[in-house]
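J.: Numbering (the numbering used here), first residue to last: 166 to 459. Every residue, glycine too, gets a C-beta built ideally from N, C-alpha and C.
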Amino acid sequence: MSPFQDIFTTSADGLRLRARAIGPADGVALPVLCLPGLTRTAEDFDIVARALADDSQNPRRVVAIDYRGRGRSDFDPNPTNYSVPNETTDVLALANAAGITRAILLGTSRGGLISMVIAATRPELLAGIILNDIGPELDITGLMKIKGYLAPRMTPQTWSEAVAGLQRLFGSVFPALTEADWMAWAHRAFRQDADGRLIRTYDLALGHTFDSISPETPPPPLWELFDQMAKVPLLSIRGELSDLLARDCVAEMKRRRPDMETCDVPLQGHAPLLADATTIERIKAFCRRCDGAR
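1) What ranges does the beta strand (DSSP E) occupy inside the region 277-353, keeping only unbroken runs of at least 3 residues that lie completely in it?
2) To the nearest angstrom, how far is it from the Cα of Gly293 to the Cα of Asp368?
3) Do Leu182 and Ser238 count as a contact pair if the criterion is CB distance below 7 Å?
4) With a cut-off of 8 Å, do at least 3 Cβ pairs link the region 282-300 to the region 346-357?
5) Can you tell which of Ile230, Ile187, Arg225, Leu308 has the C-alpha that lies nearest to the C-alpha of Ala207?
6) Which of the three DSSP states, helix, strand or coil, is assigned to Glu381?
7) Specify, as a first and last residue, the run of the beta strand (DSSP E) that Phe355 falls within.
8) Express the C-alpha separation of Ser407 and Pro386 in angstroms, rounding to a whole number.
9) What did DSSP end up calling Leu259 once you bin it into helix, strand or coil?
10) Does the separation of the CB atoms of Glu487 and Cys414 fall below 7 Å?
11) Out of Ile265, Ala345, Ala258, point me to the one whose CA is closest to Ile193's CA.
12) Starting from the N-terminal side, write out each stretch of the beta strand (DSSP E) that is 3 residues or longer and does not extend beyond the region 169-209.
13) Given 8 Å as the limit, is there contact between the region 435-448 and the region 197-213, that is, 3 or more CB pairs closer than that?
14) Can you round the beta-carbon distance between Gly202 and Arg275 to whole angstroms, since I take them to be within the 8 Å contact cut?
15) What separation, rounded to the nearest whole angstrom, lies between the Cα atoms of Ser167 and Pro189?
16) Which residue's Cα is closest to the Cα of Pro431: Ser221, Ala450, Phe339?
17) What number of angstroms, rounded off, separates the C-alpha of Ala218 from the C-alpha of Glu381?
18) Indicate whether Ala436 and Thr174 have their beta-carbon atoms separated by less than 7 Å.
19) Name, in chain order, the residues that DSSP records as bridge partners for Tyr367.
20) Could you compute how far the alpha carbon of Thr366 sits from the alpha carbon of Ile295?
21) Are the beta-carbon atoms belonging to Ala268 and Pro196 less than 7 Å from one another?
22) On the three-state DSSP scale, how would you describe Ile448?
23) Considering only DSSP beta bridges, list what Gly404 is partnered with.
The structure is reproduced here in structure tokens:
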């Protein structure tokens with residue numbers, strides 16, 4: 166088994182940023198750069214990252230990012246700096262620190278939006294894009310659900326309480342998860358501080374990024390950004406039970422990009438965990454396609 170290694174760099178405004186890497190740094194296959202969701206961390210990609218790194222035929226380097234305010238990257242003292250442009254800059258800094266000059270991007274939710282921005286601003290970096298449950302239009306139902314769970318709430322006192330809280334929030338759209346799956350999710354969403362208390366793995370100030378979003382003021386569609394990915398191999402992954410990425414949006418993406426590959430993950434909502442064998446095999450196959458397109 167390949168070991169995980171941490172990579173650290175400093176942002177332009179002085180924050181310590183961390184990425185989590187696995188796999189051969191000098192491999193022939195294209196590396197994969199993993200960009201997590203809004204409050205998520207690099208550890209979300211551990212299972213798919215190890216599967217890609219340890220593939221017997223095409224082992225590849227995988228680097229997963231902690232944006233500022235998440236995981237083991239520094240929290241920003243100015244919450245207004247939690248933005249897609251700043252986080253895009255952070256991603257590029259960490260990619261540079263990891264020695265990545267060209268990669269396949271795997272972006273979950275917010276990470277997919279950042280991938281679209283990179284496609285528009287740094288197209289030479291891209292060998293392919295995997296969008297995990299994200300598209301140019303976001304369903305307001307899912308956005309308001311995210312805004313709801315970002316609201317201040319009691320921190321669980323035990324791991325069992327953490328699991329119960331996650332099940333209340335997400336059980337309806339992840340009905341097939343086992344107790345072990347939920348506990349693993351809890352250990353990604355929380356960590357213990359020096360006194361053994363559970364704390365969230367993200368800055369609670371991230372909730373302010375949704376202050377302007379309401380049913381009356383949804384974010385604008387991003388079709389112009391999407392269309393700038395016209396020449397990049399593209400795979401869209403959607404959770405069957407997603408309330409953020411509508412089927413109609415995927416259909417329009419496919420109309421604009423007939424060569425776009427699609428993958429539905431059964432019995433999962435926003436956002437698919439990328440831990441089941443079928444989805445991982447689809448990701449591997451797409452990466453091989455990108456290797457061949459160089």
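T.: Checking against the coordinates, here is how it stands:
1) 291-297
2) 30 Å
3) yes
4) no
5) Ile230
6) Coil at Glu381, not helix or strand.
7) 355-357
8) 18 Å
9) helix
10) With the chain running from 166 to 459 in the structure shown, residue 487 is simply not present.
11) At residue 193 the sequence reads Val, which differs from the Ile that was named. It is Ile265 whose Cα lies nearest to the Cα of Val193.
12) 170-175, 181-187, 197-200
13) A contact exists between the region 435-448 and the region 197-213.
14) 5 Å
15) Ser167 and Pro189: Cα-Cα distance of roughly 8 Å.
16) Phe339
17) 44 Å
18) no
19) Arg235
20) 24 Å
21) yes
22) helix
23) Val430
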